[in-house]
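Undergrad: First the structure, then my questions, so here it is.
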Amino acid sequence: MALDFDRLRELRAADPAGIGRALAGRSRREVIRGDGRLFIVAADHPARGAIAVGSDATAMADRYELLERMALALSRPGVDGVLGTPDIIDDLAALGLLDDKIVVGSMNRGGLRGASFELDDRYTAYDVAAMARQGLDFAKTLIRVDLADAGTAPTLEATARAVDAAAAAGLPIMLEPFMSSRVNGKVVNDLSADAVILSTAIASGLGNSSAYTWMKLPVVPEMERVMAATTMPTLLLGGDNGGDPDETFASWEAALALPGVRGLTVGRTLLYPHDGDVAAAVDTAAGLVHRDLA
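For the sequence shown, UniProt numbering begins at 1 and goes up steadily by one.
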């Protein structure tokens with residue numbers, strides 16, 4: 001897909017206010033419409049220092065290639081929107097790719113991978129006021145809970161205040177919680193059903209209103225038990241693309257049939273598929289979410 005990167009660079013250098021105009025001028029849509037299900041393509045990984053995909057340590061390092069893959073994904077039927085940090089969203093807006101799409105602003109985490117302060121996950125990208133001002137449609141946070149790390153406490157407090165602000169602004173906010181711990185110095189998320197249930201319970205109680213809170217949860221064994229732990233609308237996350245694609249799609253299909261599951265929010269698995277065919281991977285996922293496309 002041909003994108004005008006010369007214009008993008010010129011806009012950033014000579015007319016930065018043009019990015020705000022592009023965001024303000026895009027055509028917007030209702031978050032829930034049609035079959036009531038959502039398929040969001042995610043690209044908030046680079047801002048938290050996660051540019052690897054599988055065994056390729058720098059797969060997402062080339063911003064131009066990432067934007068081309070994003071543009072292709074957003075052009076496919078059934079893709080409802082995009083999740084990104086301000087740098088990604090601004091690029092996509094300037095390139096004219098956000099019309100009739102749900103834009104989810106990643107508040108991002110300041111606890112960079114491998115840092116001594118990794119679990120002090122204060123938010124470093126969008127805040128609710130900026131998202132409301134720029135006309136974004138949804139907010140997203142990541143919450144890693146390590147009961148042995150004091151950095152978890154300010155993370156939980158910051159998330160509670162973000163939930164407060166989102167509810168006051170009438171802005172839906174998806175929380176992506178994990179129970180985490182350090183294993184050989186590396187922070188690892190516990191993907192057992194019991195751990196996901198516990199993290200969901202903790203995240204659900206954050207803030208002074210849950211009216212606008214959604215969950216963003218991994219697909220794990222015993223997913224029926226996980227979804228029985230919350231009444232909140234839930235999107236499934238995709239994770240990395242290290243597994244067999246057919247098994248991954250099958251697990252998504254089974255989880256999408258559960259009560260409360262509203263769709264998928266997936267990034268690297270679809271943007272950097274094993275066979276390189278972004279359109280085919282996105283179309284397969286879209287057909288799982290929106291059955292009328294299958």
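Cβ coordinates follow ideal geometry from the N, Cα and C atoms, glycine included. Small disclaimer: the values here were computed from a predicted structure and weren't measured.
Where does Glu157 fall in DSSP's three states?
TA: Indexing the sequence shown from 1 puts residue 157 at position 157. Three-state result, Glu157: helix.
Undergrad: Does DSSP classify Pro16 as helix, strand or coil?
TA: In the sequence shown, counting from the first residue as 1, residue 16 sits at position 16. Looking at Pro16 - three-state DSSP - the assignment turns out to be coil, as it is neither helix nor strand.
Undergrad: Would you be able to state if there are at least three C-beta pairs under 8 Å between the region 60-70 and the region 27-40?
TA: No contact exists between the region 27-40 and the region 60-70.
Undergrad: For Thr124 versus Thr141, is the C-beta spacing smaller than 8 Å?
TA: In the sequence shown, the residue the question calls residue 124 occupies position 124. In the sequence shown, the residue the question calls residue 141 occupies position 141. Cβ atoms of Thr124 and Thr141: not closer than 8 Å.
Undergrad: Do Ala47 and Ala93 have their CB atoms nearer than 8 Å?
TA: Counting from 1 along the sequence shown, the entry for residue 47 is found at position 47. Counting from 1 along the sequence shown, the entry for residue 93 is found at position 93. No, the pair does not count as a contact, with Cβ atoms beyond the cut-off.
Undergrad: If we require 4 or more residues per run, which alpha helix (DSSP H) segments fall completely within the region 45-129?
TA: Segments of the alpha helix (DSSP H) lying fully in the region 45-129: 63-74 and 86-94.
Undergrad: Are the beta-carbon atoms belonging to Leu293 and Val261 less than 8 Å from one another?
TA: Here residue 293 is taken as the residue at index 293 of the sequence shown, counted from 1. Here residue 261 is taken as the residue at index 261 of the sequence shown, counted from 1. Their beta carbons are not under 8 Å apart, which means Leu293 does not touch Val261 by this criterion.
Undergrad: With a CB to CB cut of under 7 Å and the five nearest residues on each side skipped, what residues in its chain are close to Leu198?
TA: As a working note, residue 198 is residue 198 in the sequence shown. These residues qualify, in order along the chain: Met179.
Undergrad: Is the distance from the Cβ of Val289 to the Cβ of Leu264 below 8 Å?
TA: Residue 289 sits at position 289 when you count from the first residue of the sequence shown. Residue 264 sits at position 264 when you count from the first residue of the sequence shown. Contact: yes.
Undergrad: Just how far apart, CA to CA, sit residue 321 and Val188?
TA: Since the displayed the chain opens at 1 and closes at 294, residue 321 lies outside it and no answer follows.
Undergrad: Assuming Ser204 and Thr234 form a contact by the criterion Cβ under 8 Å, report the distance between their Cβ atoms to the nearest whole angstrom.
TA: Position 204 of the sequence shown holds residue 204. Position 234 of the sequence shown holds residue 234. That belief does not hold up - the Cβ atoms of Ser204 and Thr234 are roughly 11 Å apart, past 8 Å.
Undergrad: For Asp90, which residues of its own chain have a beta-carbon under 6 Å away from its beta-carbon, when the five flanking residues on both sides are left out?
TA: In the sequence shown, residue 90 corresponds to position 90, counting from 1. Around Asp90: Ile19.
Undergrad: Taking the C-alpha atoms as reference points, what is the distance between residue 295 and Leu270?
TA: Residue 295 falls outside the range modelled here, since the chain spans only 1 to 294, and no answer is possible.
Undergrad: Grab the span of the beta strand (DSSP E) containing Met223 for me, first residue to last.
TA: Position 223 of the sequence shown, counting from 1, holds the residue named residue 223. Met223 -> not in any beta strand (DSSP E); alpha helix (DSSP H) instead, spanning Met223 to Met227.
Undergrad: In this structure, how does DSSP classify Gly263 when only helix, strand and coil are distinguished?
TA: Residue 263 sits at position 263 when you count from the first residue of the sequence shown. In this structure, Gly263 counts as strand in the three-state DSSP scheme.
Undergrad: Quick one: what's got a C-beta closer than 7 Å to Ala148's C-beta in the same chain, skipping five residues either side?
TA: Counted from its first residue, the sequence shown places residue 148 at position 148. Closer than 7 Å at Cβ, skipping near neighbours: Ser181.
Undergrad: Assess contact between the region 73-85 and the region 38-55, defined as three or more Cβ pairs (one per stretch) separated by less than 8 Å. Is contact present?
TA: Judged by Cβ distances under 8 Å, the region 73-85 makes contact with the region 38-55, as three or more pairs qualify.
Undergrad: Would you kindly check if the distance between the Cβ of Tyr272 and the Cβ of Val53 is under 8 Å?
TA: Position 53 of the sequence shown, counted from the start, is the residue given in the question as residue 53. Position 272 of the sequence shown, counted from the start, is the residue given in the question as residue 272. It is a contact, given that the beta carbons lie within the stated cut-off.
Undergrad: Below 7 Å CB to CB, which residues in the same chain sit around Met60 once its five sequence neighbours on both sides are set aside?
TA: Position 60 of the sequence shown, counted from the start, is the residue given in the question as residue 60. So the list reads His45, Pro46, Ile51, Val53 and Leu66, once near-sequence residues are dropped.
Undergrad: Can you tell me the Cβ-Cβ gap for Ser192 and Val226, rounded? I've got them flagged as a contact below 8 Å.
TA: Working through the sequence shown from its first residue, we reach residue 192 at position 192. Working through the sequence shown from its first residue, we reach residue 226 at position 226. Actually they are not in contact, since the Cβ atoms of Ser192 and Val226 sit about 10 Å apart, beyond 8 Å.
Undergrad: Go ahead and pull the three-state DSSP assignment for Leu206.
TA: Taking the sequence shown and counting its residues from 1, one reaches residue 206 at position 206. Coil, per DSSP.
Undergrad: The beta strand (DSSP E) that contains Val188, what's its start and end?
TA: Along the sequence shown, one-based indexing puts residue 188 at 188. Start and end: Lys186 to Asn189.
Undergrad: Measuring CA to CA, which of Tyr126, Arg122, Gly170 and Arg133 is closest to Pro154?
TA: Residue mapping note: residue 154 aligns to position 154 of the sequence shown, counting from 1. Selected option, being the one with the closest Cα: Arg122.
Undergrad: Work out the CA separation of Glu176 and Ile143 for me, nearest whole Å.
TA: If you number the sequence shown from 1, residue 143 lands on position 143. If you number the sequence shown from 1, residue 176 lands on position 176. Cα-Cα distance, rounded: 6 Å.
Undergrad: Could you check which residue in Glu157, Gly36, Leu74 and Ala228 has the C-alpha nearest to that of Val278?
TA: One-based indexing of the sequence shown puts residue 278 at position 278. If we check each option's Cα against that of Val278, Leu74 comes out closest.
Undergrad: Which residues does DSSP list as the beta-bridge partners of Ala139?
TA: Here the question's residue 139 lines up with position 139 in the sequence shown. DSSP output for Ala139 lists Gly105 and Ile173 as bridge partner(s).
Undergrad: If we call anything under 8 Å between Cβ atoms a contact, is Ser210 one with Met174?
TA: Along the sequence shown, read from residue 1 onward, the residue named residue 210 stands at position 210. Along the sequence shown, read from residue 1 onward, the residue named residue 174 stands at position 174. No. Outside cutoff.
Undergrad: Compute the Euclidean distance between the alpha carbons of Ala24 and Leu11, then round it to the nearest angstrom.
TA: Position 24 of the sequence shown, counted from the start, is the residue given in the question as residue 24. Position 11 of the sequence shown, counted from the start, is the residue given in the question as residue 11. Rounded to the nearest angstrom, the two C-alpha atoms are 16 Å apart.
Undergrad: Let me check understanding here. Comparing Cα to Cα, which of Gly185, Lys216 and Asn208 lies closest to Thr200?
TA: Against the sequence shown, residue 200 aligns to sequence position 200. Checked all of Gly185, Lys216 and Asn208; the closest Cα to Thr200 is Lys216.
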